[in-house]
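Residue numbers (the numbering used here), protein chains in the order written: chain B, 1 to 300; chain H, 1 to 300. Accompanying notes for the structure given below.
As structure tokens, this is what we get:
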């Protein structure tokens, strides 16, 4: 069994990005520039935003925070989005979710110029992904594709079972891996992965166990601790665990510990590869955002 | 075994559309208005276009043909698209494919205002479909969903196996049926279908037979006669055959006959429901276009 080390892979990618920025600077190019819009003072959101800005600066990107108060109107937020759309110095930007209840997330997401939509949530980017065309792909599925690629795990003709149908993980993951790969790319580059037979399962699925037992690669993104038990996994399966669940634990330093959707202790011995939680998929999401920002910069 | 009669279903829907138009006219509303752009003189395309225009007029829609010569430049075609985008009297329009080689189909498709994209091929509409939001859905998957609905074939929790991953049938079909249904709609209305476990298979799939044998609903859109044989179908399966293949037949009036991707004679006795070819899915595509045009009219 090989443990897929997301933390190390993310560090490798940050180093590659830093080298890329250094090379841009030597050629007299402006480095990639991300803006992050945050509305209100949700502590979790503030932490995420600071982490994203810090990650940008560490690899040499320019990074701005646009902080707005929670009582801003939808119209005012749309004006901010419009200003960022028009600003040629900004390559990409994100509006940190969730937004206050009086603002429509889908209206805001759709107002972003899709060329700058580095979260990959705009319907135009989602549609390009579904059509098998180059697009800005949302962070988690992009990061998982990168892990599969860097661990040389082929997907062609493999049966990939995706459990969970969220718009940010399950559905785009299924869409990415069912496509014909871009033939112009090196065989095992991330964007060249695809050609998998894909099954998407969710809360209404019957016989989840039987379906999981047919998987060559099992990707679980539900948010339910120990949903996947050892009897649901065949010997040799590749397991990608996207869940990040807090479990109360009196002896843990913060009173809780993080677990995935997979019963790691029981399942891991049966796997050919498995991602741990934490340290598997999680660290990949911010580097995906960085990669998208670089891509948006180079697409100009 | 019940034969799914697409011809009769399409006729029923045309009658409903005609009633809807009559009601609009009584309320002093302008009827839906479609424009069809055709470039060059491909005989098959000319026939398709005439059939679409005729179907529009029969239900009381306004319908214009915009005929352009094959040597038009991409820029000129883009100008036509722009003119139709701006024309408030046009609710929807399509550019008949294929286009001459010197014109990029994806550039033209993406230039269409997605609100008027009644073929449902614009990335924005494809993305909305993938995100489970209201959208203009491409004709064939929309027609199949309508057939399932009108024959009261539930999809919730059922295992749907889609064979073929084209952008106009396989992929949007898979995306439609995996979604959470719109809960505000009547239970068996077409747009309320969904909640299926979906497997997408294609040319790289291994063990196609084993996967087909697990299907409750099998949807085949490959373009290969007799791809699906009796040994690949379990008793009681619902089979939707999207293929339309010409087979040489010296005794047929035109020297050929049409067959689907399913070996109908052998497979049909095992099915609970099956679509014939011709007369199954085929007749539904034009009524889907009409329904989309009405939807674009009402969305204004």
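Cβ atoms here follow ideal geometry from the backbone N, Cα and C, with glycine treated the same way. No experiment lies behind these values; they were computed from the predicted model shown.
The C-alpha of residue 193 of chain B lies about 7 Å from the C-alpha of residue 156 of chain B. Residue state for residue 257 of chain B is assigned as strand, using DSSP reduced to three classes. If you check each beta-carbon in the region 162-182 of chain H against every beta-carbon of chain B, the ones closer than 7 Å belong to 165, 167, 171, 175 and 178. Taking C-alpha positions only, residue 270 of chain B is separated from residue 74 of chain B by approximately 50 Å. Here residue 77 of chain H has 37, 39, 68, 95, 99, 103 and 108 as same chain residues with Cβ atoms under 8 Å from its own Cβ, once five neighbours each way along the sequence are excluded. The region 138-152 of chain B and the region 164-174 of chain B touch, with no fewer than 3 CB-CB distances between them shorter than 8 Å. Spatial neighbours of residue 129 of chain B in its own chain (CB-CB distance under 7 Å, excluding positions within 5 residues in sequence) are listed in chain order as 135, 137, 172, 175 and 176. Here residue 10 of chain H has 283, 284 and 287 as same chain residues with Cβ atoms under 6 Å from its own Cβ, once five neighbours each way along the sequence are excluded. Taking the CA atoms as reference points, residue 225 of chain B sits about 31 Å from residue 127 of chain B. Residues of the region 99-127 of chain B whose Cβ lies closer than 8 Å to any Cβ of chain H, in chain order: 106, 122, 123, 124, 125, 126 and 127. For residue 195 of chain H, a Cβ of chain B is located within less than 8 Å of the residue's own Cβ.
As the crow flies, the alpha-carbon of residue 293 of chain B is around 19 Å from that of residue 281 of chain B. If the five residues before and after residue 248 of chain H are omitted, its C-beta is found closer than 8 Å to the C-beta atoms of 255 and 256, all from its own chain and listed in chain order.
Given a length threshold of 3 residues, each whole run of the beta strand (DSSP E) inside the region 149-180 of chain B is given here in chain order: 159-163.
For the pair residue 178 of chain H and residue 160 of chain H, the Cα-to-Cα distance works out to about 9 Å.
Residue 59 of chain H and residue 149 of chain H have their alpha carbons spaced roughly 22 Å apart.
In the structure shown, residue 122 of chain B adopts coil according to DSSP, grouped into three states. No Cβ of chain H is located within less than 8 Å of the beta carbon of residue 56 of chain B. Residue 210 of chain B: not part of any beta strand (DSSP E); member of the alpha helix (DSSP H) spanning 208-212, first to last residue. The three-state reading of DSSP puts residue 115 of chain H in helix, counting H, G and I together.
Under the Cβ criterion of 8 Å, residue 237 of chain H is not counted among the residues facing chain B. Leaving aside the five residues that flank residue 182 of chain H on each side, the residues in its chain whose CB is nearer than 7 Å to its CB run, in chain order, 191 and 192.
DSSP places residue 26 of chain B in the uninterrupted alpha helix (DSSP H) bounded by 6-26.
Not flagged as an interface residue toward chain H: residue 255 of chain B, since no C-beta distance is shorter than 8 Å. By the Cβ neighbour-count rule, residue 29 of chain B is exposed, with fewer than 16 other Cβ atoms within 10 Å of its own.
Within the region 52-121 of chain B, the runs of alpha helix (DSSP H) that reach at least 4 residues and sit entirely inside it are, in chain order, 74-86 and 105-111. In the three-state reduction of the DSSP assignment, residue 34 of chain H falls in the strand class, which pools E and B.
Straight-line measurement puts the Cα of residue 234 of chain B at about 18 Å from the Cα of residue 214 of chain H. When secondary structure is reduced to three states using DSSP, residue 285 of chain H falls in the helix class. For residue 292 of chain H, the secondary structure class from DSSP, reduced to helix, strand or coil, is helix.
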